[in-house]
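Structure record follows, encoded as structure tokens.
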Amino acid sequence: MNQRICLLGLNHRTAGVEVRERFALVDSNPREQGLITGRSPIREALVLSTCNRVEIVAAGRGNGDLSLLLREYWSGLCGVQPDELIPYTYVHHDLEAVTHLFSVASSLDSMVLGEPQILGQLKQTYRRGVEQGTAGVILNRLLHKAFSVAKRVRTETKVASNAVSISFAAVELAKRIFGDLANQTAMLVGAGEMAELAATHLISAGVKRILIANRTHARGCELAERIRGEAVPFSNLFKRMADADIIISSTGATQTVIRKRDIQGIMKQRRGRPMFFIDIAVPRDVDPDVNTLDNVFLYDIDDLKEVIEENLAQRRSEADKARIIVAEETEKFATWMRSLDLKPTILDLLARGDDLAQRELKKTMRRMGPKAEDPDVAQALEVLVSSLARKLYHEPLVFLKRRAGEEDAGPRYIDIIRRMFNLNDEPPAPDAHPERRGSGCPGRQKS
Amino acid sequence: MNWTEWTEFLVLSLYFCGAALHIAAVLARKPMIQRVGQILTITGFSLHTLDILFFLTETDPQVLGQGPFYFSLLAWTLIIVYLVFSWRLQMHFLGLTATPLALILFSFATTLNSVEVILPESLLSLWFGLHIGTLFLSICLLAMATSSGAVYLYLENKIKAKSKITGLSKDLPSLALFDKVNAWAVNIGFPLFTVGLLSGFLWAHFTRECIFSWNPKELVAIVTWLLFALLFHQRLVNGWRGRKPAKLAIWIFCLSLISMLSINFFLETPHGFQP
Numbered sequence: 000m001n002q003r004i005c006l007l008g009l010n011h012r013t014a015g016v017e018v019r020e021r022f023a024l025v026d027s028n029p030r031e032q033g034l035i036t037g038r039s040p041i042r043e044a045l046v047l048s049t050c051n052r053v054e055i056v057a058a059g060r061g062n063g064d065l066s067l068l069l070r071e072y073w074s075g076l077c078g079v080q081p082d083e084l085i086p087y088t089y090v091h092h093d094l095e096a097v098t099h100l101f102s103v104a105s106s107l108d109s110m111v112l113g114e115p116q117i118l119g120q121l122k123q124t125y126r127r128g129v130e131q132g133t134a135g136v137i138l139n140r141l142l143h144k145a146f147s148v149a150k151r152v153r154t155e156t157k158v159a160s161n162a163v164s165i166s167f168a169a170v171e172l173a174k175r176i177f178g179d180l181a182n183q184t185a186m187l188v189g190a191g192e193m194a195e196l197a198a199t200h201l202i203s204a205g206v207k208r209i210l211i212a213n214r215t216h217a218r219g220c221e222l223a224e225r226i227r228g229e230a231v232p233f234s235n236l237f238k239r240m241a242d243a244d245i246i247i248s249s250t251g252a253t254q255t256v257i258r259k260r261d262i263q264g265i266m267k268q269r270r271g272r273p274m275f276f277i278d279i280a281v282p283r284d285v286d287p288d289v290n291t292l293d294n295v296f297l298y299d300i301d302d303l304k305e306v307i308e309e310n311l312a313q314r315r316s317e318a319d320k321a322r323i324i325v326a327e328e329t330e331k332f333a334t335w336m337r338s339l340d341l342k343p344t345i346l347d348l349l350a351r352g353d354d355l356a357q358r359e360l361k362k363t364m365r366r367m368g369p370k371a372e373d374p375d376v377a378q379a380l381e382v383l384v385s386s387l388a389r390k391l392y393h394e395p396l397v398f399l400k401r402r403a404g405e406e407d408a409g410p411r412y413i414d415i416i417r418r419m420f421n422l423n424d425e426p427p428a429p430d431a432h433p434e435r436r437g438s439g440c441p442g443r444q445k446s
Numbered sequence: 000m001n002w003t004e005w006t007e008f009l010v011l012s013l014y015f016c017g018a019a020l021h022i023a024a025v026l027a028r029k030p031m032i033q034r035v036g037q038i039l040t041i042t043g044f045s046l047h048t049l050d051i052l053f054f055l056t057e058t059d060p061q062v063l064g065q066g067p068f069y070f071s072l073l074a075w076t077l078i079i080v081y082l083v084f085s086w087r088l089q090m091h092f093l094g095l096t097a098t099p100l101a102l103i104l105f106s107f108a109t110t111l112n113s114v115e116v117i118l119p120e121s122l123l124s125l126w127f128g129l130h131i132g133t134l135f136l137s138i139c140l141l142a143m144a145t146s147s148g149a150v151y152l153y154l155e156n157k158i159k160a161k162s163k164i165t166g167l168s169k170d171l172p173s174l175a176l177f178d179k180v181n182a183w184a185v186n187i188g189f190p191l192f193t194v195g196l197l198s199g200f201l202w203a204h205f206t207r208e209c210i211f212s213w214n215p216k217e218l219v220a221i222v223t224w225l226l227f228a229l230l231f232h233q234r235l236v237n238g239w240r241g242r243k244p245a246k247l248a249i250w251i252f253c254l255s256l257i258s259m260l261s262i263n264f265f266l267e268t269p270h271g272f273q274p
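In order, the protein sequence lines correspond to chains C and G. Numbering that gives the first Met the number 0 puts the first residue of the first sequence at 0, with every later residue one more than the last. Numbering that gives the first Met the number 0 puts the first residue of the second sequence at 0, with every later residue one more than the last.
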């Protein structure tokens, strides 16, 4: 019976936020909750539940539809009828499921294309699966592959480059102006939610100091405490602004708060050191003419949105490249899945033995020189090496045939044998013996 | 070919490869290529140093007045200024202008060998070394300030206009770094330029017994110095940064280029290259 993979899930495209909340699966444990039992065809399962998606990926044997079992399990946990899930969920089988999981890990399926959080969430899911013992040979391999695919996509394409959030775009622009932000001081004018978000980005970008000027001083102090900044009375705004290189303005004021002539004076005090204004307030806080001053740069929310739009478009065009990588890796995974059957493994093992024998035979013949030309000697040698190889591999084969019939252990033993004899032709580990690393292993010829 | 010619040929090819790789690195957006280009340039530079030392020890001081040698020296100075910027400010980007420029200057030095350009005899002395050394250094610093200034203006314009920063301009260093190159060039270059100019006038006083002879070379030099002094003053006292110093540095460099190339080659002055 073949190994099967099944994935049942819903995401931000198939279900609204209310539905996603209703069907979220927090703290699930497929083994304890009866998805993986002695009689169930499902042998392995992982549950990924984030704010934008809920997915159950399972591996097992049997010809039946695993998705029915998954749906039953899911609906049972949420206390609804299985049919209620149908309109919101998608089902992927086998390679489709592999492709889907690879795409999810590479953040090609995310709401914000290329966002990095999903990989962390997937890793967490996997860790929990390992702890609960619900990840076996197939899902171990699948998840490890998914992580490496995500890494490949990240390094080989630009799908995750360029900022796609307002505050991140602002930080990138600041870096373009100031270079390293380690010596820069930022100032928040207004202590709203957006300002706080931008501040956290600035802090992680390494900004030296953050000043906070809010009309309600108490609120400013509160935020200052939270992000370890310094609260400044609003009346001292322009006095302290001379210290700030990056100013993020987000007050609720209906009129201009920061005018050109204020900044002119401040620039004199600063002796021309550049200032970068980020005006995320609507209506705007900073007079647009400020941008005409020398060494003063001003971006308002629309300017930043435009930057993000362009970056998103670039990410979308990179996603096609990423999908090619996903397809390639799915193909590799499919090859590995097929190899988990008994028959190809036996054939590969015999071929490996035969190959080794022939190589050694050739070497010996060369060394023997004229003596090897005697047909009797040559034949005797050949018989010797081939039978030696076959006998050497006999015991592992017998062991494998016996174990392959076992429900759970079969694929695991096949996988172990394949790895032991390197039948998957994987590159040697970096800490392998230098001889192995240098020459590569005596590779089996792929048919 | 004798030993010197071989060295010169090697230096020329290394500078050529260095320049080509610096350009290729920017186009291909691969910093690795730039590293290789820099290593080749440094190798060429070491050989070039040997070549200059050999020339200085072997040559009769009377012949030191040969024009080509000064082109070679200028190329050498340019490379060392670039390497210092690259080392201290991580401003590898300047290699893009420094290496091709050095290549051109050095190829002048090698090809002009056949054309006998003799510098006036009055220019031979240690004084002259001071005059040339300081002026060459400040001109090379100005060259770096010019190229970084040009890119500064381009990038600043893009940021101010909020236009898309894509492709090659994405790899550019920050505005602050470009401005730093300008600051270095002005703070070090201006004192050197002043020393160079003063030593020139003093030398003129001793050899020709007149400090100022109103020839075009000296006039342009005085104007250049005045502009340079203005830039130095404004940066130091009034905190000029960014656009204005970048523009002024470009003008000053253009003036010194005019003074060095056109006047030396085409006009009859004590600096002229005509025999």
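Every residue gets a Cβ at the ideal spot worked out from N, C-alpha and C, and that includes glycine.
Taking C-beta pairs closer than 8 Å, name the residues in chain G that residue i reaches, listed in chain order.
{"i": "C/Ile176", "result": "Ile158, Ser173, Leu174, Ala175"}
{"i": "C/Asp302", "result": "Lys161"}
With a threshold of 7 Å (Cβ to nearest heavy atom), would residue i be considered close to the ligand NAD?
{"i": "G/Cys209", "result": "Looking for the ligand NAD in the displayed structure turns up nothing, as the structure carries no ligands at all."}
Name the chain C residues whose beta carbon is nearer than 8 Å to that of residue i?
{"i": "G/Arg242", "result": "Asp293, Asn294"}
I need the DSSP call for residue i, collapsed to helix, strand or coil.
{"i": "C/Gly59", "result": "strand"}
{"i": "G/His91", "result": "helix"}
{"i": "C/His11", "result": "coil"}
{"i": "C/Arg19", "result": "helix"}
{"i": "C/Arg258", "result": "coil"}
{"i": "C/Met186", "result": "strand"}
{"i": "C/Met110", "result": "coil"}
{"i": "C/Ala217", "result": "helix"}
{"i": "C/Gln357", "result": "helix"}
Among the options, which residue has its Cα nearest to the Cα of residue i?
{"i": "C/Ile211", "options": "C/Tyr72, C/Glu229, C/Arg140, C/Leu172", "result": "C/Glu229"}
{"i": "C/Glu20", "options": "C/Ala181, C/Ser164, C/Cys50, C/Val281", "result": "C/Cys50"}
{"i": "G/Phe68", "options": "G/Ile78, G/Leu82, G/Leu52", "result": "G/Leu52"}
{"i": "C/Ala321", "options": "C/Leu391, C/Arg365, C/Arg151", "result": "C/Arg151"}
{"i": "C/Cys77", "options": "C/Asp414, C/Leu24, C/Lys331, C/Arg239", "result": "C/Leu24"}
{"i": "C/Arg258", "options": "C/Met266, C/Thr329, C/Asp288", "result": "C/Asp288"}
{"i": "C/Met91", "options": "C/Asn294, C/Phe101, C/Arg260", "result": "It should be noted that the sequence gives His, not Met, for residue 91 of chain C. The shortest C-alpha separation from C/His91 is found at C/Phe101."}
{"i": "G/Leu49", "options": "G/Trp75, G/Ala24, G/Arg28", "result": "G/Trp75"}
{"i": "C/Lys386", "options": "C/Pro81, C/Arg214, C/Leu355, C/Phe420", "result": "Note that residue 386 of chain C corresponds to Ser in the displayed sequence, not to Lys. Ranking C/Pro81, C/Arg214, C/Leu355, C/Phe420 by Cα distance to C/Ser386 puts C/Leu355 first."}
{"i": "G/Arg234", "options": "G/Leu226, G/Pro244, G/Leu225", "result": "G/Pro244"}
{"i": "C/Arg12", "options": "C/Tyr89, C/Gly63, C/Thr255, C/Ala57", "result": "C/Tyr89"}
{"i": "C/Leu45", "options": "C/Ala57, C/Ala350, C/Val306", "result": "C/Ala57"}
{"i": "C/Leu107", "options": "C/Val376, C/Asp373, C/Ile262, C/Glu317", "result": "C/Glu317"}
{"i": "G/Leu167", "options": "G/Ala27, G/His204, G/Thr3, G/Ala18", "result": "G/Ala27"}
When the cut-off is 8 Å and only beta carbons count, does residue i lie next to chain C?
{"i": "G/Lys161", "result": "yes"}
Under 9 Å Cβ-Cβ, which residues of chain G neighbour residue i?
{"i": "C/Asn290", "result": "Lys159, Lys161"}
Which bits of chain C does residue i rub up against, with CB to CB less than 7 Å?
{"i": "G/Trp239", "result": "Gly271"}
Is the Cβ of residue i closer than 8 Å to any Cβ of chain G?
{"i": "C/Glu195", "result": "no"}
{"i": "C/Tyr298", "result": "yes"}
{"i": "C/Glu309", "result": "yes"}
{"i": "C/Glu372", "result": "no"}
{"i": "C/Pro441", "result": "Because C/Pro441 carries a pLDDT of 42, less than 50, the predicted location of this residue cannot be relied on, and the following value inherits that uncertainty. C/Pro441 does not count as touching chain G."}
Which bits of chain G does residue i rub up against, with CB to CB less than 7 Å?
{"i": "C/Glu155", "result": "Residues of chain G passing the Cβ test: none, with the nearest at roughly 14 Å."}
Answer with yes or no whether the minimum CB distance from residue i to chain D is below 8 Å.
{"i": "G/Ser162", "result": "The displayed structure is made up of protein chains C and G, and chain D is not among them."}
Counting Cβ pairs closer than 8 Å, one from the segment 142-155 of chain C and one from the segment 119-130 of chain C, do we hit at least three? In short, these stretches touch, since the Cβ pair count reaches three.
Review point. Can you find at least 3 beta carbon pairs, one from the segment 213-224 of chain C and one from the segment 273-292 of chain C, that sit closer than 8 Å?
Key: When C-beta atoms of the segment 213-224 of chain C are compared with those of the segment 273-292 of chain C, fewer than three pairs fall below 8 Å, so the two segments do not count as touching.
Determine, using beta-carbon pairs with one atom in the segment 65-76 of chain C and one in the segment 1-20 of chain C, whether at least three such pairs fall under 8 Å. With a cut-off of 8 Å, the segment 1-20 of chain C and the segment 65-76 of chain C count as touching, because enough Cβ pairs lie within range.
*Cβ contact check for the segment 238-252 of chain C and the segment 179-191 of chain C: 3 or more pairs under 8 Å*: With a cut-off of 8 Å, the segment 179-191 of chain C and the segment 238-252 of chain C count as touching, because enough Cβ pairs lie within range.
- Query: Okay, do the segment 142-159 of chain G and the segment 211-227 of chain G touch, 3+ Cβ pairs below 8 Å being the bar?
  - Reply: No: fewer than three Cβ pairs fall under 8 Å.
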